[in-house]
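Sequences listed follow chains A and B, in order. Just so we're aligned, residue -17 is where the first sequence starts under the working numbering, counting upward by one. Just so we're aligned, residue 895 is where the second sequence starts under the working numbering, counting upward by one. For every residue, glycine included, the Cβ atom is placed at its ideal position computed from N, Cα and C. From a predicted model like this one, the values you see are computed outputs, not experimental measurements.
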Amino acid sequence: MPRGRSARSAALGLTVRRIPTTQLSPRSAGALRRRLAVGILVLLSLVLISLSFRSGDSGPLAGVQSAGSTVLRPLAVGFERVAQPFRDAYGWVDSLFGARSEAERLRAEVRKQRQRANQSEFALQENEYLRRLLRYLDGPRFPGDFEPIAAEVIGRPAGAFAQAIVIAAGSRNGVRVNDPVVTADGLVGVVTRVTEGTARIQLLTDQEAAVSALDLRTSAPGIVRHARGTRETLVLDRVPKQDVVRRGDEIVTAGWRVGSLSSLYPKGIPIGEVASVGQTDTDLFQQVQIDPYVDFGSLDAVLVLVPAERRR
Amino acid sequence: MSPGSAARALALVFAAAMLQAVIVSSLVLGGGAPDLLLVVVISLGLIRGSVPGAIFGFGGGLVVDLLTLDTLGITSLVLTLAGFWAGRYAETTGRGRRLAPLVAVGAITVLTGVFAVVLHYMLGDDVVARHALVTALVPALVLNLLLALPVHALVRATVHESEADPLREVEVVV
Chain A
-17 MPRGRSARSA
-7 ALGLTVRRIP
3 TTQLSPRSAG
13 ALRRRLAVGI
23 LVLLSLVLIS
33 LSFRSGDSGP
43 LAGVQSAGST
53 VLRPLAVGFE
63 RVAQPFRDAY
73 GWVDSLFGAR
83 SEAERLRAEV
93 RKQRQRANQS
103 EFALQENEYL
113 RRLLRYLDGP
123 RFPGDFEPIA
133 AEVIGRPAGA
143 FAQAIVIAAG
153 SRNGVRVNDP
163 VVTADGLVGV
173 VTRVTEGTAR
183 IQLLTDQEAA
193 VSALDLRTSA
203 PGIVRHARGT
213 RETLVLDRVP
223 KQDVVRRGDE
233 IVTAGWRVGS
243 LSSLYPKGIP
253 IGEVASVGQT
263 DTDLFQQVQI
273 DPYVDFGSLD
283 AVLVLVPAER
293 RR
Chain B
895 MSPGSAARAL
905 ALVFAAAMLQ
915 AVIVSSLVLG
925 GGAPDLLLVV
935 VISLGLIRGS
945 VPGAIFGFGG
955 GLVVDLLTLD
965 TLGITSLVLT
975 LAGFWAGRYA
985 ETTGRGRRLA
995 PLVAVGAITV
1005 LTGVFAVVLH
1015 YMLGDDVVAR
1025 HALVTALVPA
1035 LVLNLLLALP
1045 VHALVRATVH
1055 ESEADPLREV
1065 EVVV
C-alpha cells in the first residue's frame, strides 16, 4: 500500500490522499529530542575537534583550553595528592611483579654466564694440565726407557668401592696390562684391563694396589698402600723402625730389578709427601702416612708408560 | 531527572574524569589501563537514558581533554556516543537485564576503542593499530569488565532518586 493512503481508501480503490497529521506522537517526539540532543553534542564535538585541530596552539580555542586547564589544575593537584598513596601502593605492587620477572631474567643470565665461566675455567685447567704433562715429558724426571701414551680419562669410579678410571687408549694404541700410569704430578696407578680402544686403570688408592717405594732423602724402603678408612690417603708400609723417615720427605717408586724380574713401575716416579710418622712399641714397622701428589678426583688426562723396547 | 540527581551525576562524572586523567590512566596492567570515566558514563547511560548518557559523556570527555591538553573534542565525541549507545541499549534490548552493565561495558569498550583508533587515524595521528586494538584494548576490556558491576552499583546509589523509572517514556513495541 502506498504511503499516505489509508487501508480503507486502498480497498475502495480511491485516489484520495490522507491528510498527514502535524501532531507528533510522544514516542516520535522523544526520539526526535534524543536525536537532536545527540546530534548537537556530536556536532559540537566535531566543531571542537576541527577548531582545535586547525588553530593549533595559537588559536582562540587553545586559549580556552589553557584557561580550562589552569582552572582544573589545582583540582588535579588535589586529586594527585589524594591519589598518591594509592599510586604508590600500585607502584609497589607493580614493581613486585616487575622485580619478579626481572629477577628471573637476571637469574637466567647469571646461569648462562656461570656456565660460560665454568667452561672457561675447565678449558683453562685442562690447558694447564696438558702443559704440565708436556713439561713432564720433556723434563729429566720422565723415565728414559719408557715412552708415553697420552690418553683422556673417559670414565671415573662409580662409587667408593671402585678406585679406578677408564682411559681412551687401548691395545690398539700399544697399552698392555700392568703398564704404569702417571701424570705430571706423579704415579696414578697401573693398567688392569685392556680392550682395543680403552683401558682400565687401578688407582693407587684402590684397596688392592701396592707399590714398592722409598724415601727419596734417606732411601728407606717400604710399600705404598691405600690407608684404611680414608679415600685418598696412602701409607708407606713395612718401613723398619731403624730407618729414618721424616715429615715432608718425598716418596718415590723404588723400581727394583732382580735378575729377569723387575718392578712394574719405573724408578723415581713421585708418589707423595710424608704427612706424619708414628710408631708404637708393639709394632714392627713405622706408621708413615703419605699425602699423594696426584689428585685422584680430578684426573683429565694421563700418560701410560710403555716400555720403549715394546714400541720398537 | 531531578536537579539533585543531576548534580550528583555531574559531580560523579567530574570526579571520574579527574581520576581518569590524573591516576587511572597510568595504572597500566598487562599493557592496558582501565577507563573509569567510560564505565561511569556507560552506567549513567544505562540508568538515566541515552540523552543524559550522551550529555555526561560529552562533559566528562571535555574535562579529560582540558586536563590532558589533548585535541579538544575527541574524548567528548567518543564518550558522547558511548553514553548514547549505553542509553539506547538500556531503553531497548538491555532493559531489566542483570548483566546489562557487563554487556554494555564489554561492547562499548571495544567499539570506542576501534572508533578512537579510526578518529586518531583520520586526524593524522600516528596510530599503531595492533598496539591500540590488541595490546592495549584487550587488557583494558578485562579491567573495564572488572569495574563494570561495582561502578554501576556506585552510580546507581549516587544518582538514585525516588521518582519513577526515567525510561518510562519508551513504549514497548510488539
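Any C-beta of chain A under 8 Å from that of residue i
i: Leu938/B; result: no
i: Leu921/B; result: yes
i: Thr915/B; result: What sits at residue 915/B in the sequence shown is Ala, not Thr. By this cut-off, Ala915/B is an interface position.
i: Ala948/B; result: yes
i: Ser899/B; result: no
i: Met912/B; result: yes
i: Ser944/B; result: yes
i: Leu931/B; result: no
i: Val1012/B; result: no
i: Leu963/B; result: yes
i: Val957/B; result: yes
i: Leu960/B; result: yes
i: Leu906/B; result: no
i: Phe1009/B; result: no
i: Leu1027/B; result: no
i: Leu1017/B; result: yes
i: Glu1065/B; result: Residue confidence for Glu1065/B is low, a pLDDT of 47 falling below 50, so the modelled location carries little weight; the figure read from the coordinates is stated next. Chain A, which has a Cβ nearer than 8 Å to the Cβ of Glu1065/B, makes this yes.
Host alpha helix (DSSP H) of residue i (start-end)
i: Arg902/B; result: Pro897 to Val916
i: Glu62/A; result: Pro42 to Asp120
i: Val259/A; result: Looking at the DSSP string, Val259/A is not in any alpha helix (DSSP H); the run it does join, the beta strand (DSSP E), is Pro252 to Gly260.
i: Ser34/A; result: Pro8 to Ser37
i: Gly953/B; result: Ser944 to Thr962
i: Ala984/B; result: Ile968 to Glu985
i: Pro248/A; result: Here Pro248/A belongs to no alpha helix (DSSP H), and DSSP marks it neither H nor E.
i: Pro1044/B; result: Leu1031 to Thr1052
Neighbour flag for residue i against chain B, beta carbons, 8 Å
i: Ala65/A; result: yes
i: Tyr111/A; result: no
i: Leu78/A; result: no
i: Arg87/A; result: no
i: Arg82/A; result: no
i: Leu30/A; result: yes
i: Phe68/A; result: yes
i: Ser280/A; result: no
Segment limits, beta strand (DSSP E) that includes residue i
i: Gly171/A; result: Leu169 to Val176
i: Gly295/A; result: Within the shown structure, residues of chain A are numbered from -17 to 294, placing residue 295/A beyond reach of any answer.
i: Leu185/A; result: Ala181 to Leu185
i: Phe1009/B; result: No beta strand (DSSP E) holds Phe1009/B; the alpha helix (DSSP H) holding it covers Ala994 to Met1016.
i: Ser194/A; result: Ala192 to Asp197
i: Gly137/A; result: Phe128 to Gly137
i: Leu216/A; result: Leu216 to Pro222
i: Thr235/A; result: Glu232 to Thr235
i: Val288/A; result: Ala283 to Pro289
i: Gln269/A; result: Phe267 to Pro274
Chain C contact for residue i (CB, 8 Å cutoff)
i: Val934/B; result: Structure shown: chain C not included; protein chains present are A and B.
* Asked: Got a sec: which bits of the segment 966 to 978 of chain B sit with their beta carbon under 8 Å from any beta carbon on chain A, in order along the chain?
  -> Leu966, Gly967, Ile968, Ser970, Leu971, Thr974, Leu975 and Phe978
* With contact counted as at least three CB pairs below 8 Å, one residue from each stretch, are the segment 920 to 930 of chain B and the segment 981 to 997 of chain B in contact? -> no
* To do: Note down, in chain order, all residues in the segment 34 to 63 of chain A with a beta-carbon under 7 Å from any beta-carbon belonging to chain B.
  => Ser34, Phe35, Leu43, Gln47, Gly50, Ser51, Leu54, Leu57, Ala58, Phe61 and Glu62
* Is the segment 238 to 246 of chain A touching the segment 271 to 281 of chain A in the sense that three or more CB pairs, one from each, lie closer than 8 Å? -> no
* Are the segment 205 to 224 of chain A and the segment 246 to 257 of chain A touching by the rule of at least three beta carbon pairs closer than 8 Å? -> yes
* To do: May I ask you to list, following chain order, the residues of the segment 7 to 28 of chain A that have a beta carbon less than 8 Å from some beta carbon of chain B?
  => Pro8, Arg9, Gly12, Arg15, Arg16, Ala19, Val20, Leu23, Val24, Leu26, Ser27 and Leu28
* chain B contacts made by the segment 93 to 122 of chain A, where a contact means CB separation under 8 Å -> none
* Asked: Counting pairs of Cβ atoms below 8 Å between the segment 928 to 940 of chain B and the segment 78 to 96 of chain A, do you hit three or more?
  -> no
* Cβ contact (3+ pairs, closer than 8 Å) linking the segment 1026 to 1046 of chain B and the segment 998 to 1014 of chain B -> yes
* **Sufficient close CB pairs (3 or more, under 8 Å) joining the segment 1020 to 1038 of chain B to the segment 970 to 988 of chain B** => no
* **Cβ pair count under 8 Å reaching 3, the segment 257 to 267 of chain A against the segment 150 to 170 of chain A** => no
* **Cβ contact check for the segment 277 to 285 of chain A and the segment 901 to 917 of chain B: 3 or more pairs under 8 Å** => no
* Asked: For the segment 942 to 949 of chain B against the segment 14 to 25 of chain A, are there 3 or more C-beta pairs whose distance is under 8 Å?
  -> yes
* Just checking, does the segment 175 to 182 of chain A make contact with the segment 216 to 226 of chain A on the three C-beta pairs under 8 Å criterion? -> no
* Do the segment 54 to 64 of chain A and the segment 954 to 964 of chain B touch if we need at least three Cβ pairs shorter than 8 Å? -> yes
* Segment contact, 8 Å Cβ cut-off, at least three pairs: the segment 195 to 204 of chain A with the segment 222 to 230 of chain A -> yes
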